[in-house]
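Asks: Residue numbers (numbering that gives the first Met the number 0), protein chains in the order written: chain V, 0 to 100; chain H, 0 to 522; chain G, 0 to 95. By construction, the Cβ of each residue, glycine as well, lies at the ideal position given by its N, Cα and C atoms. Since the model is a prediction, treat every value here as computed from it, not as a measurement.
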Amino acid sequence: MSLEVALLGYAGFAKLAQGRGRHSRTARPDRARARILGWLLILGSFLAALHRFGPYLAVPAWLALLSVSGVILVLLLSRWPMAATAPWIPMTVIALPLCLL
Amino acid sequence: MKGNGVRQSMAWIHGWLGLLAGWILFAMFVTGTASYFRPEITRWMQPEYRPHAVPQAEAARTAVAWLQKNAPHDEQWTIYLPTERTLSTRAFTRARPNPDPKAPRAPRRPEVRLDPATGAPIEARDTRGGEFFYRFHFQLQLPHPWGRWLAGLCAMFMLGAILSGVITHKRIFADFFTLRWSKGQRSWLDAHNVSAVLALPYHAMITYTGLITLVVMYMPWPILANYPKPTAFAESLYGDTAGQKASGQPGRLADMGRFVEAASAEWQGARVSRIIVSNPDDASSTVTLLRTGEDRLNARGASITYAGVSGARLAVSPAPGPAVETAGVMLGLHLGWFAGPLLRWVCFLLGLTGCAMVATGLVLWTVKRQRPGAQPFFGMSLVERLNIGAVACLPAGIAAFLLANRLLPPMLAGRADLEVSAMFWAWFGLAALSLLRPVRRAWIETLAISALLFAAVPIADLAMVGAFPTDGLFVAFDATMFLLAATLGFAAWRTAVRPARAARPRRRAPVTVAEVREAVDVA
Amino acid sequence: MASAQLGGQGWSMAGRSLTALIGGYAAAAGLATLLARLLPVERVEATAWGMILSFLFYAAFGLWAFHEPRLTRVAAVIWGAAVVAGGAALLLGVRP
Chain V
0 MSLEVALLGY AGFAKLAQGR GRHSRTARPD RARARILGWL LILGSFLAAL
50 HRFGPYLAVP AWLALLSVSG VILVLLLSRW PMAATAPWIP MTVIALPLCL
100 L
Chain H
0 MKGNGVRQSM AWIHGWLGLL AGWILFAMFV TGTASYFRPE ITRWMQPEYR
50 PHAVPQAEAA RTAVAWLQKN APHDEQWTIY LPTERTLSTR AFTRARPNPD
100 PKAPRAPRRP EVRLDPATGA PIEARDTRGG EFFYRFHFQL QLPHPWGRWL
150 AGLCAMFMLG AILSGVITHK RIFADFFTLR WSKGQRSWLD AHNVSAVLAL
200 PYHAMITYTG LITLVVMYMP WPILANYPKP TAFAESLYGD TAGQKASGQP
250 GRLADMGRFV EAASAEWQGA RVSRIIVSNP DDASSTVTLL RTGEDRLNAR
300 GASITYAGVS GARLAVSPAP GPAVETAGVM LGLHLGWFAG PLLRWVCFLL
350 GLTGCAMVAT GLVLWTVKRQ RPGAQPFFGM SLVERLNIGA VACLPAGIAA
400 FLLANRLLPP MLAGRADLEV SAMFWAWFGL AALSLLRPVR RAWIETLAIS
450 ALLFAAVPIA DLAMVGAFPT DGLFVAFDAT MFLLAATLGF AAWRTAVRPA
500 RAARPRRRAP VTVAEVREAV DVA
Chain G
0 MASAQLGGQG WSMAGRSLTA LIGGYAAAAG LATLLARLLP VERVEATAWG
50 MILSFLFYAA FGLWAFHEPR LTRVAAVIWG AAVVAGGAAL LLGVRP
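(1) Report yes or no: is there a C-beta of chain G within less than 7 Å of the C-beta of V382 (chain H)?
(2) If S1 (chain V) sits next to L341 (chain H), beta carbons under 8 Å apart, how far is it from one beta carbon to the other, in whole angstroms?
(3) Which residues in the same chain as G85 (chain G) place their Cβ atom closer than 6 Å to its Cβ, once the five residues preceding and following it in sequence are excluded?
(4) If we require 3 or more residues per run, which beta strand (DSSP E) segments fall completely within the stretch 178 to 255 of chain H?
(5) Report the start-end ranges of each alpha helix (DSSP H) in the stretch 357 to 393 of chain H that is 4 residues or longer and not cut off at the edges.
(6) Looking only at its chain, what residues have a beta carbon closer than 7 Å to the beta carbon of W180 (chain H), apart from the 5 residues adjacent to it on each side?
(7) Looking at the C-beta of F132 (chain H), does it have a partner C-beta in chain V at a distance below 7 Å?
(8) Quick one, are the C-beta atoms of L149 (chain H) and L139 (chain H) less than 7 Å apart?
(9) My understanding is that A572 (chain H) touches I448 (chain H), with C-beta atoms under 8 Å, so please give their C-beta distance in whole angstroms.
(10) Please report the distance separating the alpha-carbon of D294 (chain H) from that of V366 (chain H).
(11) Please work out which residues of its chain come closer than 7 Å, Cβ to Cβ, to A203 (chain H), disregarding the five sequence neighbours upstream and downstream, and give them in chain order.
(12) From which residue to which residue does the alpha helix (DSSP H) around L334 (chain H) run?
(13) Could you check whether the Cβ of Y201 (chain H) sits closer than 7 Å to any Cβ belonging to chain V?
(14) Just to confirm, is the Cβ distance from F273 (chain H) to L289 (chain H) under 7 Å?
(15) Look up Q75 (chain H) in the DSSP assignment and give the residues it is bridged to.
(16) Assign R531 (chain H) to one of two classes, buried (16 or more other C-beta atoms within 10 Å of its C-beta) or exposed (fewer than that).
(17) Return yes when the Cβ of A355 (chain H) is within less than 7 Å of the Cβ of S563 (chain H), no when it is not.
(18) Of all the residues that make up the stretch 322 to 346 of chain H, which are near chain G by a beta-carbon distance shorter than 8 Å?
(19) Evaluate the contact criterion for the stretch 390 to 404 of chain H versus the stretch 107 to 114 of chain H: three or more CB pairs, one atom per stretch, below 8 Å.
(20) Rounded to the nearest angstrom, what separates A94 (chain V) and F36 (chain H) at their Cα positions?
(21) Could you check whether L351 (chain H) and T32 (chain H) sit closer than 7 Å to each other, using their CB atoms as the reference points?
(22) What residue from H:A10, H:T82, H:Y79 and H:F28 has the CA that sits closest to H168 (chain H)'s CA?
(23) For Q4 (chain G) and V315 (chain H), what's the separation of their Cα atoms in angstroms?
(24) Is DSSP giving R500 (chain H) helix, strand or coil here?
(25) Going straight from the alpha carbon of M463 (chain H) to that of R405 (chain H), what length do you get?
(26) Which bits of chain G does Y207 (chain H) rub up against, with CB to CB less than 7 Å?
(27) Just by C-beta distance, which residues in the stretch 214 to 227 of chain H are closer than 9 Å to chain G?
(28) Which of the three DSSP states is assigned to T117 (chain H) in this structure?
(29) In angstroms with no decimal places, state the Cα-to-Cα distance between N225 (chain H) and A56 (chain H).
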């Protein structure tokens, strides 16, 4: 399975969404930290894709999985703004061992 | 608005490009998305066919045996070997040309599907299967070549709409996660933005590579500048697959299984996708084997040509240069053969995002121009009706196609064509009936009917096949039908509850500067 | 604003659309052909580059036709590009 790419992508987008200005009561430095973590997770998902699919297939596969995880996040975010971003920790935790499989 | 000229003109052209091509683009997106599962749909539509997987070499032998019995003197055979997805051998032949030079080129004979184990034609209900969606996707069920030209024109409009949409949309990243429900026009714009922007790499890729799949038809002029004989371009791409001229001496083909094994060994175990045999009953017959594209992005695989009688290796396709490789990768990205199960589902979901992008864009065009209380002008009514006919009624047609497959008697003559008729009667019939209803009721009712028809597909499957499906493919297919039914039902429900919510006075958060700017952009 | 400017007169709109649709195709085909003929790489490669890039040319011409307000300029540039590029490709003839 290559689910870890999508999980890391979702987690990364979730952090980016938390780090966005509107709709969050988080303080500014926390938001900046969330954004940095978000980009790092997205980078992680790319590395996971590189590891899983090899250099040749990695870019299209990564973009496809990232897009779908983004669409799912936005759909959930539109209905449950808090709950949608919350599972980023378990997702990251599940994704890490999956990378090694 | 000084300095905003580009954005304004691009917003204007974006709206018109999307509108004029939108209805056909929606149908292309829907059928194209279904085509990711072309072999799976075909298998679902022939539930009585229970194939036995055999090695490729064996499938090649049985296919050749059948062709030698049924089309021994034809000019060319093309054999598609089974994969683990298709599980059947497909073959078609082309008759020897009439010696009279003025006679038209010999037509390609209809394709037969063979059981790889026995080489006999498949005994199952006659159906176009997934092939129907695939063909409709770029031929639109119109006479050749008009369907392909129209599909190409719509793809070009789509490309223009994507480029102008990106130029128009100034806050791509700020709006990245914004989707607000029940806010009228704002919600439709959000939905259009989100479905377009989040899957933008996919939309841009699928549109451009779609044009590339038929580039030789759409843009043949560069070939004429470089080749005195246009067919020479294809030969330099694929190697010379047309083969040598027939010698007139009879000859017997060597064992086809050996060719398959030899080619596969030369490709480090990669499989053969297609075999082309030229002059199969002649002493100078040739056998060309093409490598599968399922393990790499470039769909235009390498090929090896052997002498059919002696088995001598005659030629290999040249290694592609950067441009030819790029074109092959574009083709591969569009076809999606490289995608394993997970990636294929991801592609399917992205295709659905494309459907949503086109549908929300079409609805947005009308919502933007509606004035409360005003009588809709003629163009507005036309667009609204066409939107209903395309977005809400096409799914009913697809469900009817699948339902007809289960409900028509399996041995009925001409049933494959009846299935196709069922699709168009349901689609256009429902669209015509919806004209009798006021716009909003028509949306709700057609969406609900589409939902019910999709929900009926798995039920008909259970009822007619008579056993609960155990094969994963059938379970997944039926579950997908239920999910599509649920999605359409959700859309019908949302349409039904919308005005009640909009009428309720809302407490609003203080309007931010950003929202004011958005409102200005929208207007 | 732009829509009023562009959509105002029916005939100029029709001319603009035809220029974008047909002139744009002709100009893109001409440029792609010229590129394919002149690129100093292998025959098959040059042909493929021309074909791959042609749709980008077409899209650029088509969109620009609706951005530039002066119709005469749009027609002159697009039809001019079609005639010049197509004529040059025709004069050069098939690659020897």
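Replies: On the basis of the coordinates in this document:
(1) no
(2) 6 Å
(3) G29
(4) none
(5) 377 to 386
(6) S186
(7) no
(8) yes
(9) This structure leaves residue 572 (chain H) out entirely; chain H is present only between 0 and 522.
(10) 45 Å
(11) I161
(12) P321 to L334
(13) yes
(14) Position check: residue 273 (chain H) holds Arg in this sequence, whereas Phe was assumed. Cβ atoms of R273 (chain H) and L289 (chain H): closer than 7 Å.
(15) H:R93 and H:S277
(16) The question about residue 531 (chain H) has no answer here: the residues shown for chain H are numbered 0 through 522.
(17) The structure shown has nothing for residue 563 (chain H), since chain H only spans 0 to 522.
(18) A322, V323, T325, A326 and M329
(19) no
(20) 28 Å
(21) yes
(22) H:A10
(23) Caution is warranted here: a pLDDT of 48 is assigned to Q4 (chain G), below 50, making its placement in the model unreliable, and no coordinate value can be reported.
(24) Its pLDDT being 45, under 50, R500 (chain H) is placed unreliably by the model, and nothing is read from it.
(25) 6 Å
(26) F54
(27) V214, V215, Y217, M218, P219, W220, P221, I222, L223, A224, N225, Y226 and P227
(28) coil
(29) 39 Å
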